[in-house]
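Residue numbers (the working numbering): 38 to 517. Positions of the beta carbon are idealized from the N, C-alpha and C atoms, including for glycine. Below is one structure, written out as structure tokens; comments come after it.
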Amino acid sequence: MFKCDYKSLRLCFYEFHDVQAGDMPEYGNYCLLELKDGRHTAGQWYPKNYNDRQSIAGNFGRGTADSVDAEEVAKWHDLNGYDLTRLLEKEDIGRINLRNENSGDYYFEIAGFKSFKDSDFPKKEQFCLLILKNGTLAAGRWNQWRGEKGGQFIYASALASHSMDKVWAWAALSSDEIFEREEKQERERLKEEELNRNPSADPEKFKYGTDINVYYEKALEKLRGEYPWATLAQMKKRQPNYMIVPRHGQYIFGQDNGTIMGIQLFNEWTDGRTADEFIDFLCDYTRETVKNYNPETKFKYGMDISVYLEKAYEKVKKEYRWLNKDMLRKHCQFAIIQVDGEWEFARKFRNDNEFHVFDCSPADRFLECVENEYQEAALRENSVVAEYKVPFGCVEINGWYLERYVIYKLKSGDYKVSVTAGDRVTGGSREFFITPDCFEAKTYEEFLDRYLEIVPGNSFGLDKKDLLPNEELKEFFGYK
38 MFKCDYKSLR
48 LCFYEFHDVQ
58 AGDMPEYGNY
68 CLLELKDGRH
78 TAGQWYPKNY
88 NDRQSIAGNF
98 GRGTADSVDA
108 EEVAKWHDLN
118 GYDLTRLLEK
128 EDIGRINLRN
138 ENSGDYYFEI
148 AGFKSFKDSD
158 FPKKEQFCLL
168 ILKNGTLAAG
178 RWNQWRGEKG
188 GQFIYASALA
198 SHSMDKVWAW
208 AALSSDEIFE
218 REEKQERERL
228 KEEELNRNPS
238 ADPEKFKYGT
248 DINVYYEKAL
258 EKLRGEYPWA
268 TLAQMKKRQP
278 NYMIVPRHGQ
288 YIFGQDNGTI
298 MGIQLFNEWT
308 DGRTADEFID
318 FLCDYTRETV
328 KNYNPETKFK
338 YGMDISVYLE
348 KAYEKVKKEY
358 RWLNKDMLRK
368 HCQFAIIQVD
378 GEWEFARKFR
388 NDNEFHVFDC
398 SPADRFLECV
408 ENEYQEAALR
418 ENSVVAEYKV
428 PFGCVEINGW
438 YLERYVIYKL
448 KSGDYKVSVT
458 AGDRVTGGSR
468 EFFITPDCFE
478 AKTYEEFLDR
488 YLEIVPGNSF
498 GLDKKDLLPN
508 EELKEFFGYK
């Protein structure tokens, strides 16, 4: 690569432009910036009015949701157009003057360049000036990879970045709010680590010690008075589980809320002040889960999975008349398996190599779930032969807006409907099978009454007054 020593290299920038004089860069140019408070950073110029070159209104973008308003900037120097390759190939070079050093007394000098090859990395969220391996200059904010050494320099919106392997050397520019916020969080994290090295324990709250299993065991003893079948495994099915962890130098009962910015977050239990109150709380917290594991109700129809599947199949078959068992095997399989000493309903989808716990109990709830799976499988196996897109204007559904309302005729002669709605951020679709009993209606109006019990207008956008006048829809359903 380049022969000069980056450790002793200094870059001196001359010929700065004055923002207050209305001397602004071309749209999109990436510039070294001196702020009015004397700090230095860099950014890409985005004028507010692209047609007014003299206007200073706009901002210098540094990344996604990261910019500097032109009002904060005193001077700028265009970083585009440099190629330092020839100079960096000289072993004895220590200072590089960028532009004309006789242009005035003002210049900015930066030194202290480092390289990834020495295992030197910027601090998290630090904004840096970069010398790329192709000899050009750039800048960006260091974005550290999670869980591993390394990262990239973010320099524009949509997380556009300069990767590590393209950077020859880097030097930190001035601190800013984003970096200072990260530094503050890092100090808080280190302080929290220090506090938690030797945590104290409230003698009333932790009179049975700091092993959470002791508290679960005591809660289990109480629950078995109501539910003799109760086990620890059943209690811990209720997620998230509680644990005992240090926080701010004291032990707490809490639930893991994940990690933000490297700091582990816990939702602390605050509903009581004593160990016995917490044990009573654990009973309440897990009671419903344990109740649903009553073997007399969970496996109401025995331990043979074929009994449950036959019941579900016979019920679904009454309306989805084309359904057969070969269709079902393509999409999902069910079983009763033992996991951690507990018998569980389980399912395996197409291309799965193993069964996964299907947490549906009691037995009748499991049957409902199987029936839903069978209904979806049946519709997937019945190809569409015709469709009708129902026309509509602006239809609001509880803050969402109707986007698509399509009726499909299936190969079997049956019908289904697909409804799509959304807002500015998200959306969703639902599919409904129009059961055969709807078509037993003598008139189209009576048919719609039955149809709207399946796809109600107040939930999915179109009501009887919207559908009844539609002659094309009437014909599509076979009532004309």
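Taking C-beta separations shorter than 6 Å and ignoring five residues to either side along the sequence, the partners of arginine 467 in its chain run Val456, following chain order. For tyrosine 438, the uninterrupted beta strand (DSSP E) run begins and ends at 437-447, by DSSP. Under the 10 Å beta carbon count, tyrosine 64 is surrounded by fewer than 16 other beta carbons and is classified as exposed. For the 9 Å CB-CB criterion, histidine 77 and leucine 210 form a contact. Threonine 101 sits close to serine 194, with the two beta carbons spaced by under 9 Å. Per DSSP, the unbroken alpha helix (DSSP H) holding aspartate 503 starts and ends at 501-504. Going by DSSP, cysteine 68 is part of no alpha helix (DSSP H) but of the beta strand (DSSP E) stretching over 67-72. It is roughly 14 Å from the alpha-carbon of glutamate 231 to the alpha-carbon of valine 282. DSSP, reduced to helix, strand and coil, places cysteine 397 outside both helices and strands of the structure shown, so it counts as coil.
Our two residues, serine 237 and glutamine 163, have alpha carbons roughly 36 Å apart in a direct line. The residue from Thr122, Ser152, Asn66 with its alpha-carbon nearest to that of lysine 44 is Ser152. DSSP lists Phe386 as the bridge partner or partners of cysteine 369.
With contacts defined by Cβ atoms closer than 9 Å, leucine 269 and tyrosine 253 form a contacting pair. Cβ-Cβ separation between leucine 360 and alanine 415: approximately 5 Å, consistent with a contact (criterion under 8 Å). Here asparagine 419 is buried. Its C-beta has 16 or more other C-beta atoms within 10 Å. Looking from the CA of leucine 260, the closest CA among Asp317, Gln276, Gln370, Phe469 belongs to Asp317. For aspartate 377, the CB contacts under 6 Å within the same chain, skipping 5 residues up- and downstream, are Ala270 in chain order.
Nearest to tryptophan 437 by alpha-carbon distance, out of Asp451, Gly450, Ala458, is Ala458.
Listed in chain order, the non-local C-beta contacts of alanine 372 below 7 Å within the same chain comprise Ile342, Ala383, Phe392, local neighbours out to five positions each way being set aside.
The C-beta distance from aspartate 500 to leucine 489 rounds to 7 Å, short enough to meet the 8 Å contact threshold. Put simply, the backbone Cα of phenylalanine 39 is about 53 Å away from that of asparagine 390.
Nearest C-alpha to proline 84 among Met272, Phe514, Lys170, Gly98: Gly98. One Cα belongs to tyrosine 445, the other to valine 492, and the distance between them is close to 14 Å. Residue pairing by DSSP puts glutamate 433 in a beta bridge opposite Tyr438. Bounds of any alpha helix (DSSP H) do not take in glutamate 185, whose DSSP letter is neither H nor E. Glutamate 408 is not a Cβ neighbour of phenylalanine 395, given a cutoff of 9 Å. DSSP, read as helix, strand or coil, puts phenylalanine 392 in coil. In the DSSP assignment, glutamate 333 falls within the alpha helix (DSSP H) that extends over 332-335.
With distances taken between CA atoms, lysine 385 lies nearest to Cys369 out of Asp486, Gln375, Cys369. Aspartate 451 sits buried, since 16 or more C-beta atoms from the chains shown fall within 10 Å of its C-beta. Measuring C-alpha to C-alpha distances from aspartate 129 to each of Cys41, Gly339, Arg324, Val427 identifies Cys41 as the nearest. DSSP places arginine 467 within a strand segment (E or B) once states are collapsed to three. Within the DSSP bridge table, the entry for valine 353 names no partner. Between tryptophan 306 and the set Asp486, Ser104, Phe243, Arg402, the nearest pair of CA atoms involves Phe243. Histidine 114 counts as buried, since at least 16 other C-beta atoms from the protein chains shown sit within 10 angstroms of its C-beta. In the DSSP assignment, cysteine 165 forms a beta bridge with Gly177, Ala209.
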